[in-house]
Structures are given as structure tokens and as C-alpha cells.
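Written out below as C-alpha cells is the structure these notes cover.
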Amino acid sequence: MLDAAVLIPLFPLAGFATLLVFGRRLGDPLAGWVATAAMGGAFISACVTFAGLLEVEGHDRHDVQTLFTWIHTGPLDVDASLLVDPLSITMALFVTGVGALIHLYSVGYMHGDPRYSKFFVYLNLFAFSMLILVLGSNMLVSFLGWEGVGACSYLLISFWFERKTAATAGKKAFVTNRIGDVGFLLAMFLVFQTVGSLDFADLNEASLAAGTATAIALLLFLGACGKSAQLPLYVWLPDAMEGPTPVSALIHAATMVTAGVYLMARTAPVLAQAPDAATVVAVVGALTALVAATIACAQNDIKKVLAYSTISQLGFMFLAVGSGAYVAAIFHMVTHAFFKALLFLGAGSVIHGLHHEQDMKRMGGLRKFMPVTAATFIVGWLAIAGIPPFAGFWSKDDILLAAFHKSPVLWAIGIVAALLTAYYMTRQVILVFFGDERWRNAPHGDHVEDAEEAQHAADEIARGAQEPHESPWVMTAPLVVLAALAAIGGGLNLPFGHQFEVLHNFLHPVFGEALVDNDSSGVLILTLAVLAVAGAVGGLLAARGSWWTSADRPSLEPRILQRAYAADEIVDAVVVRPGRAVADAAAMVDSRAIDGAVDGVAALAQASGQRLRVAQTGYVRNYALLIAAGTAATLAWVVFRTIG
Amino acid sequence: MEPTLALAATKVDALTFVLSAVIILSGALGVVLARNPVHAALMLVQTLFGVAVAFVAQGAHFLAAVQVIVYAGAIVVLFLFVIMLLGVDSEESIEAEPLRNQRPLAVILGLIALAELLLLGRQDWATGAPSVVAPLTGPAANIEQLARVLFTRYLFAFEATSVLLVIAVVAAVSLARRASAEPDLDADIIESSAAEDAANLEAAVTERQGREPEVTEQQGREGEVAAVGVGRGLANGGEPPPPAPEAPPAPEAPAGGIEK
Amino acid sequence: MTVGVEWYLTLAAALFTIGAVGLLVRRNVLVMFMCVELMLNAVNLTFVSFARDLNDIGGQALVFFVMVVAAAEVVVGLGVIVAIFRRRAGATADDLHVLKG
Numbered sequence: 067m068l069d070a071a072v073l074i075p076l077f078p079l080a081g082f083a084t085l086l087v088f089g090r091r092l093g094d095p096l097a098g099w100v101a102t103a104a105m106g107g108a109f110i111s112a113c114v115t116f117a118g119l120l121e122v123e124g125h126d127r128h129d130v131q132t133l134f135t136w137i138h139t140g141p142l143d144v145d146a147s148l149l150v151d152p153l154s155i156t157m158a159l160f161v162t163g164v165g166a167l168i169h170l171y172s173v174g175y176m177h178g179d180p181r182y183s184k185f186f187v188y189l190n191l192f193a194f195s196m197l198i199l200v201l202g203s204n205m206l207v208s209f210l211g212w213e214g215v216g217a218c219s220y221l222l223i224s225f226w227f228e229r230k231t232a233a234t235a236g237k238k239a240f241v242t243n244r245i246g247d248v249g250f251l252l253a254m255f256l257v258f259q260t261v262g263s264l265d266f267a268d269l270n271e272a273s274l275a276a277g278t279a280t281a282i283a284l285l286l287f288l289g290a291c292g293k294s295a296q297l298p299l300y301v302w303l304p305d306a307m308e309g310p311t312p313v314s315a316l317i318h319a320a321t322m323v324t325a326g327v328y329l330m331a332r333t334a335p336v337l338a339q340a341p342d343a344a345t346v347v348a349v350v351g352a353l354t355a356l357v358a359a360t361i362a363c364a365q366n367d368i369k370k371v372l373a374y375s376t377i378s379q380l381g382f383m384f385l386a387v388g389s390g391a392y393v394a395a396i397f398h399m400v401t402h403a404f405f406k407a408l409l410f411l412g413a414g415s416v417i418h419g420l421h422h423e424q425d426m427k428r429m430g431g432l433r434k435f436m437p438v439t440a441a442t443f444i445v446g447w448l449a450i451a452g453i454p455p456f457a458g459f460w461s462k463d464d465i466l467l468a469a470f471h472k473s474p475v476l477w478a479i480g481i482v483a484a485l486l487t488a489y490y491m492t493r494q495v496i497l498v499f500f501g502d503e504r505w506r507n508a509p510h511g512d513h514v515e516d517a518e519e520a521q522h523a524a525d526e527i528a529r530g531a532q533e534p535h536e537s538p539w540v541m542t543a544p545l546v547v548l549a550a551l552a553a554i555g556g557g558l559n560l561p562f563g564h565q566f567e568v569l570h571n572f573l574h575p576v577f578g579e580a581l582v583d584n585d586s587s588g589v590l591i592l593t594l595a596v597l598a599v600a601g602a603v604g605g606l607l608a609a610r611g612s613w614w615t616s617a618d619r620p621s622l623e624p625r626i627l628q629r630a631y632a633a634d635e636i637v638d639a640v641v642v643r644p645g646r647a648v649a650d651a652a653a654m655v656d657s658r659a660i661d662g663a664v665d666g667v668a669a670l671a672q673a674s675g676q677r678l679r680v681a682q683t684g685y686v687r688n689y690a691l692l693i694a695a696g697t698a699a700t701l702a703w704v705v706f707r708t709i710g
Numbered sequence: 005m006e007p008t009l010a011l012a013a014t015k016v017d018a019l020t021f022v023l024s025a026v027i028i029l030s031g032a033l034g035v036v037l038a039r040n041p042v043h044a045a046l047m048l049v050q051t052l053f054g055v056a057v058a059f060v061a062q063g064a065h066f067l068a069a070v071q072v073i074v075y076a077g078a079i080v081v082l083f084l085f086v087i088m089l090l091g092v093d094s095e096e097s098i099e100a101e102p103l104r105n106q107r108p109l110a111v112i113l114g115l116i117a118l119a120e121l122l123l124l125g126r127q128d129w130a131t132g133a134p135s136v137v138a139p140l141t142g143p144a145a146n147i148e149q150l151a152r153v154l155f156t157r158y159l160f161a162f163e164a165t166s167v168l169l170v171i172a173v174v175a176a177v178s179l180a181r182r183a184s185a186e187p188d189l190d191a192d193i194i195e196s197s198a199a200e201d202a203a204n205l206e207a208a209v210t211e212r213q214g215r216e217p218e219v220t221e222q223q224g225r226e227g228e229v230a231a232v233g234v235g236r237g238l239a240n241g242g243e244p245p246p247p248a249p250e251a252p253p254a255p256e257a258p259a260g261g262i263e264k
Numbered sequence: 434m435t436v437g438v439e440w441y442l443t444l445a446a447a448l449f450t451i452g453a454v455g456l457l458v459r460r461n462v463l464v465m466f467m468c469v470e471l472m473l474n475a476v477n478l479t480f481v482s483f484a485r486d487l488n489d490i491g492g493q494a495l496v497f498f499v500m501v502v503a504a505a506e507v508v509v510g511l512g513v514i515v516a517i518f519r520r521r522a523g524a525t526a527d528d529l530h531v532l533k534g
């Protein structure tokens, strides 16, 4: 049954190939069903493989399946092989599961789009790349997937490339990712140089010098920062909201952005040998969580809030990684996939229902009109805020516990970030689903995503049906499923004793000694949990108190937060302008110096030719004189040779 | 007795040398400095005679005879023929020198070369191996020695030079030929195409006009003056230029066939 | 004193130089040709001197050939001169400057 592992990436690859050739012909909605079926097949394959893995004893759950020899030159030996172990199968399960739900959702969401089938081509290609990433048994295969998801992210963010902002956002995401990729590449070079092999197994078993381990860990973390949007490479994620909402849900919430966390978890033993690097990771993660949370408090776009929230939650995951609590990080990754995908899809449902209105200040009171969306969104909200017994509480608590053991300061930052999380999410829920129905007065959303939708909206206005409507079942069914998962997902790893820590037991053999197992007393755990809940409830109440009555509170939305600390402007001034100046200088060097040199040579040839022409008088006697001069010179030379 | 005879012989040698040197050098200077080319030719004869005397003093009797007969007797006469024929006997202005610095440079370079030659002449150039080819002095006369070598060892070169002479004669004849040696084609064309219509005639004329530059070059004329125009004038022999072609060019076959 | 070979060599060198300078200085084509003859004669004189000095007939044989070739050269050269003078009478060496670059 473990052999089914190769089918996991193969299904979406087959879907990609089929849709690439027949997509246009299959059309709307058949192409979408084909893609969803492919993802379904991948999920079933993952379940089968998972069952196969469970049959094996705990410590032997480590199966490498080689498909073919890829590179075999000199000392470099890289096979195209898949690694099936608890970590990779966990990733594969939720990637394919959540991915399948989002594919289903997209069937309804993208209905009417002129490039409907192309969307699913990209989505399946993305799924394939992501699965290659998590199932790869060596760094090079994972890097293949890494680059693949980056490319698909670019393709999907700029899916509506007719809009200039979307095209720019795609470029920005790709370029920023590239900076991270340099880190990954350098880490690969260093690993090959010190360990001699790119296999994860070899890397994790090698004992490295502290300096080397620190270097490798930090370089990998640089790659993770780019892919998982940590400080300072996070600037692409808010802009990535230009893409269709399913893309934001799948790529920028549940899967691609978790690739960085996965990479750090996969190379946990390396990080364990570099405690300084681990501290850096934890600090960066905590700061990112805090900064992103503050920015989210002042955003008006429904998707931007969720984008900054994603950055913040990823910061939590890295905080866990840096503290050595890999299981907590993976746990939070899984629960985050559930509730963040749920929140994004719910937001998409709201946008769809309001005919592409994305400004929360123009929403309000929608729970009457979109009950399913509202109910599921509320479940997601409670989960992310960390209210027990929903999933987010358990996973966030694990992280905060680990952070506390690492450093109380980090724990304090985490608590503040959690508080802010509860605050801004409550603000969002209130502004969207409760309060006055501000959308009645507002003019139509200028965020029209394509001509057909605009026509659809115009028709609706003409028919007088201005009221928002609930989304079709293809869109609400995934919401319900995800809401259920967000509600009970906490059961994966309850801290009530050994047999309840299912995920911990499952993943423990993968990390081995790298996993920091803090022996915490029950009192400490309880205290920290109570404090966390208090913080969450506090944030919730603060938001309710401020936003319940009025949607207009400029004092709570300072300009600096709205402009996200002017990060984009700073990058522009510090990096882009000097970069462009350098490029201009290089262009000038090229045109003046290099072209000048080439033209100069030609000019020199011509000028010297003009000068030398003088000797060609045409008079035979002049030529004879020159011959005589040459003869005299030759004779002089001979004389000097013989006499001198 | 012997030393006196030897001394007398040496004195004769020296005197011969001095005389021949004077004759040669004065003749050479005369050639260079004479304004009238006929005078220059005569001074050349003087030089050649001087060289013949030097040849005799060196024991090259046959060559001395050949020098007088061939060089002075034939070549210089040929020079004079040409001078008289072409009327180049007008004096050129010695004073003016259109090319700048030509004269001073020429003299300076000449003197430098002479000095170098003299310097080099003092060295031991000769390997000293005597009689590599064949001894000069021998029981036979000089002419026999020379003939023996020419007809055995240098036979191939001898034959080659005879061929060279033939080639030179042929070249001279072809160079000096008059241009109007080609057949008059105009009459042929007019006669043979009497039955054909006028268009072909015009076309043939156009074809011939287009071929003018090639015909002129076959004569081997210098292209320095506008050869085409002059050639055309000379080849036509005073004929009025053909009328401007109105009809499009006719097929190649008739005109081409007649031309060749 | 004995007349050594170097006397004749000096004479030949002087004759050659005079011929060379004359070639460079004169404009009349025929006189230039005569200067070439002077140079050839100087070379002949050198060869004959060496033939006597080395007691070798080879030098005289070479002079023989030089004379033959000189004769042929004069023939062809004068033919060329005639051809030039057909076009324009009174041409000098300076009138032929088509090679001007």
C-alpha cells in the first residue's frame, strides 16, 4: 500500500496534462470537475499510503521510493525519489484534502470566467509541485517542487493579468521568492560540500560543525522567509491578494506558504546543531507575528486582513520551529490550513455575493442574507482567535508553551500577537456580518474582476435584486467541511496525556532528538492556557466594544498601520531606486564605453586609413624612393649585424 | 726581370682600372644629368664601353664582346629608335621637381646606400672556395670555358632564356600593334540582316555598344584616361555614334553569334 | 700595387648608386630605363670581379644570363612605353598616377 505514494503527485500531474490539451474543449464546468477529481484521487492515494504507513512499526516508518536515477555525475548522485514518512504523509494529507475542497469551491467561484479551464490547469500544476515538494526525499527534488510552486503562484496571482496591479503583484511575488531561493540554493551547495549528498536522510544524520550548521540553517531559513513571507520578505503576500480568492486560500494560506515551515521541520536535526540559528528563527517569527498583527488591525480590505493574518500565523509557526517544538509547528500548520482556508473561502463567498465588493466598510449585516457563510465564518473566527475548544486554541497554546520555555520575552510577544489576532478578527466579523447594512448606500464595488461579472451585476441592479445572495452548494459545501475540521481539529494533539497526543506520537520518530521535549508541569500549562484565553477574550471584547456600534473609528486605524509601515515605499527607496540607478549606470557603460570602444575601433581604423592614404601618391617615383629607403634600412641592419 | 714584369703588369692593370673607372663614372653621370634623352643614350654607350674594358681587364673576353655587340650595339640602338620614333627627344625641365623632397631624399638615400655597400664590401663575404663551378683560368680560352659550362651544367637555364626571348618578341609585337586590326563588323551585320526587320538591327547595335569596354580592354590599353569614351571613338573609327535604342533588347542569339 | 677585387667592387657600387639616384630623380621614362641599364651593368661588373677573384666561371655564366634577360626586358619595356605614348605624346613618369589611393 505504500506504493501508492507515487500516485499522490501523479494524479494532479495527469489532471494538468489532460486539461492542458483538452481543457478548452471540456469547458465550464467540466474542466473544474476533472481537476477536482484529480485532487480527490490524490487524496485517496494519500489515505491509502497513510494506511500503509500505519502498518509499519513506529520507528521504521521511513520509506524511500526511487522512481529513476536523475543525476549521476561524479560525486553528485541524485535520484528522483519520494520519501514516505509521518511528516511527509501529514503534509500530503492536508494538502490534498484541503486542496480538493478548494478545487470544488473553485468550480463555482470561477464560473463564467473566460479562462476557466486555464485556471484549473494552473491549480493542478500547483498541486503537483507542492506534493513533489513535500514528498521529495532529497533537497534537489524538493527544490524542483519549491520552484514549481513559485512559478504557479506567479501564474495564479496574475491570472487576471489584464489588470495592471495583478500583473505587478505576480512579478513582485516571484522576485521576492527568488531572493529566498538564493538562500535555498546556497544551502544546497553548502550541504553538498560538507555532507557529500543532498538526501535529507544523509543530511539529518550528519554531525556538522557549529558554524556550518548555523550557515546551512540560516540559508534555509532565508529560503523559508521568502516562501513563507516572514520579515523582511513578506511584502509580496498582501499584494498576492490580487489573485482569485481560491488561489489565496489554497496557495497563500494553506499550502505554499507552509513550505518554508516544512523545510525547516524536515531539516530539524541541522537546526538542533545550531542553537544560534534557532534563536534567530524564533525571534524573527515572533516579530513577524506581532508586526503583521498590528498591520491587520487597520486594514479595510477583507482579503488584506486575512493576508496579514496569515503572515502573523506563519510567524507563530516559525516561533515554534525556533523553540524546537516542531510538532507544535506542524500542528498549527494543519489547524491553520483548516481555519484560514475556511476564512478565505468564506471571504470569497462574501465577495461573490456582494458582486465583487471587497471593502469591509461597505459591508455589514450580511448574516441575514448569507447564513451558511456567516456560520462557517464565525467558526473560523473562533478557531483563529484561540477560543477553546476550537482547533486554534490547542495549537496556539502548544506554541506559546514552547516559546515560554525558550524565552519568556518571546512568549510575551506571542501573547500580545494572539490578543491582537482576536481583536482584528472580531473587528472583521463585526464589520462584515453584523451592524448596519452599509452596502445599501454604497455605490457598486469598483473591484470588478471581469466583464461578465460586471454585466451580471448590472443585470441584477436592473432587476432590482440588489441584495446579496448565498453562494451555490459547490461553494458552501467546502465551507461546511472546513468548519467541521476547524471545530474538531484540536483533537489531533490534546495535552491531556500520552494517548491523546496523537500527532506528537505520530511525528516524534521523524524529529528524534531535535524535538525539544520540555517537561512542563501541569500547573504551568494550565496557567499559560488561562492567560492565553484571557488574552483572546480580552481582544474579542475590545473589538466588540469599539466596533459594534460604529464602523467609522479613525482613531483606531492609524495611518501608519494602514500603510503597513510604508514597507513598500521603503523597499522602493532602498532597493529599487539604487538598483535602477545601477542598471542605468551599467546601460550607460554599455552604450558609451563598450559601444564606444567598438565604434572607436572602427573610427580608429578609418582615421588611420585616412592618414596612411597620404603615402599612396600614385607616383611610381615616390614608390621607388620608398623602395630605396627600405633597401638602405635593410643594408643598415646588415651592416650593424656584421660590424656593430 | 720577373719583379719588373710583374710590376709593369700591375701598373698596366692599375692604369686600365683608372681609365675604365673614369669612363664609366663620367658616362653614368652623363646619363643621369643629360637633359636631352638622345645625349643620355650616347652617354650610356660610353658607360657600356667602359664596362667592356673592365670586363677585358678581368679576363671575361667573351662577355666583353657580347657587351659591345648586344648592349651597346642592339639595346641602345633600340632606345634610340624609340626616342626618334616617338619624338621624346624634347628636353624635360631639369630644375622643376613636382614631387616634394624627392631629389634631396634620393641623393641622401643613395649616398647612405653607397656607404653601406662600401662598408659591407670590406667584409669577407666570399667563402673563399675557389672554382665551385669550374675554374676560370685554364688551358682553354675563356669562351670555351664559358661554353662548356653553359651547355652542360646550365643547359636548362640556357634553353629557358631562349624561350624567354621568344616570349619577349611576341609580347613586343602584340603590345605595339595598332588597334584597327579587328575586322569591320558593321558591314557584315548590315549585309547579313538585310532580310530581317529593323528592330534586330537596332538591338545588335545596342549589343555592340554595350560590349565596347570589353573590346577596348582586349587591346591592352591603359585605363588612365577615360578608356571607354576614347576607345569607342577609336574603335568606331570616326563612325557617327549609333542612334539611341528605342526597342527593348532583342534575343541574344543573332547578335552574339555574329560577334564571335 | 695590385688591383684587388675590392677596387672593382667599389666601382660597381658607385655605378649602381648613380643609376639608382638617376632612376629616382629623372622623369623621362626612357632615361629612367637607361638608369636601370646602368644598375644592371654594375651588377654584371660585380659578378665578373668575383668570378676572377674566386677563379670561378660561374660568375661569368650568370652575367651571360643577366644580359639575355636584360635584353628581353628592354624589348618588352620599350613596347609598353610605345603603347603609353600612343595615347598621349610627351608623357612622363608623373603622368601615370592612376594608383593614387
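Chains as they are written, first to last, in the working numbering: chain A, 67 to 710; chain B, 5 to 264; chain C, 434 to 534.
Every residue gets a Cβ at the ideal spot worked out from N, C-alpha and C, and that includes glycine.
Would you mind giving the Cβ-Cβ distance between residue i and residue j, rounded to the nearest angstrom? I have them listed as a contact below 8 Å.
i, j, result
"A:Leu-286", "A:Gly-262", "So it is not a contact: roughly 18 Å between Cβ atoms."
"A:Ala-290", "A:Met-330", "6 Å"
"A:His-722", "A:Asn-559", "The question about residue 722 of chain A has no answer, for chain A in this structure spans 67 to 710."
"A:Ala-451", "A:Thr-492", "7 Å"
"A:Ala-602", "A:Ala-484", "6 Å"
"A:Ile-245", "A:Gly-292", "5 Å"
"A:Asn-507", "A:Met-426", "Incorrect: roughly 15 Å between the Cβ atoms, too far for contact."
On the DSSP bridge list, what partners appear for residue i?
i, result
"A:Phe-134", "A:Ala-146"
"B:Pro-139", "C:Asp-489"
"A:Gly-202", "A:Leu-148"
"A:Thr-139", "A:Leu-142"
"A:Asp-69", "According to DSSP, which records beta bridges pairwise, A:Asp-69 is partnered with nothing at all."
"A:Asp-265", "A:Asn-204"
For residue i, would you say it is in contact with chain D, using Cβ-to-Cβ distances shorter than 8 Å as the test?
i, result
"B:Ala-110", "Checking the listed chains, one finds no chain D in this structure; the protein chains it contains are A, B and C."
Hey, quick one: how far does the alpha helix (DSSP H) through residue i stretch, first residue to last?
i, result
"A:Asn-584", "That residue, A:Asn-584, is in no alpha helix (DSSP H); it is neither H nor E in DSSP."
"B:Ala-172", "159-179"
"B:Leu-109", "106-125"
"A:Val-655", "No alpha helix (DSSP H) contains A:Val-655, which DSSP labels as neither H nor E."
"A:Leu-284", "276-293"
"A:Leu-697", "Checking the sequence shown, residue 697 of chain A turns out to be Thr, not Leu. First-last of the alpha helix (DSSP H) with A:Thr-697: 686-708."
"A:Asp-638", "Where A:Asp-638 is concerned, there is no enclosing alpha helix (DSSP H), given that its DSSP letter is neither H nor E."
Which full runs of the alpha helix (DSSP H) of 4+ residues lie inside the segment 437-518 of chain C, going along the chain?
If we require 4 residues or more, the alpha helix (DSSP H) runs fully inside the segment 437-518 of chain C come out as 438-458, 462-486.
List, from N- to C-terminal side, the beta strand (DSSP E) runs of 3 residues or more that fit wholly inside the segment 364-388 of chain A.
none
Counting only runs of 4+ residues fully inside the segment 16-40 of chain B, write out the alpha helix (DSSP H) ranges in chain order.
none
Contact between the segment 90-99 of chain A and the segment 152-165 of chain A is defined here as three or more beta-carbon pairs at a separation below 8 Å; is this criterion met?
Not touching, per the Cβ criterion.
Counting Cβ pairs, one atom from each stretch, are 3 or more of them under 8 Å apart for the segment 601-615 of chain A and the segment 468-477 of chain A?
no
Validate contact between the segment 587-603 of chain A and the segment 328-343 of chain A using beta carbons, cut 8 Å, 3 pairs:
no
How do the segment 436-456 of chain C and the segment 107-121 of chain B stand: do at least 3 beta-carbon pairs fall below 8 Å, yes or no?
Yes, the segment 436-456 of chain C touches the segment 107-121 of chain B.
Whole runs of the alpha helix (DSSP H) within the segment 200-234 of chain A, excluding any shorter than 4 residues
205-223
Between the segment 160-171 of chain A and the segment 404-418 of chain A, do three or more beta carbon pairs fall short of 8 Å?
yes
Three or more C-beta pairs under 8 Å: does that hold for the segment 265-278 of chain A against the segment 188-201 of chain A?
no
If you pair each beta-carbon of the segment 208-225 of chain A with each one of the segment 298-311 of chain A, do three or more pairs fall below 8 Å?
yes
Would you say the segment 489-508 of chain C touches the segment 150-160 of chain B, given that touching needs at least three Cβ pairs under 8 Å?
yes
Answer yes if the segment 575-582 of chain A comes into contact with the segment 385-393 of chain A, meaning at least three C-beta pairs across the two stretches below 8 Å, and no otherwise.
Yes, the segment 385-393 of chain A touches the segment 575-582 of chain A.
Does the segment 416-430 of chain A come within contact of the segment 366-380 of chain A, defined as at least 3 CB pairs closer than 8 Å?
Yes: at least three Cβ pairs fall under 8 Å.
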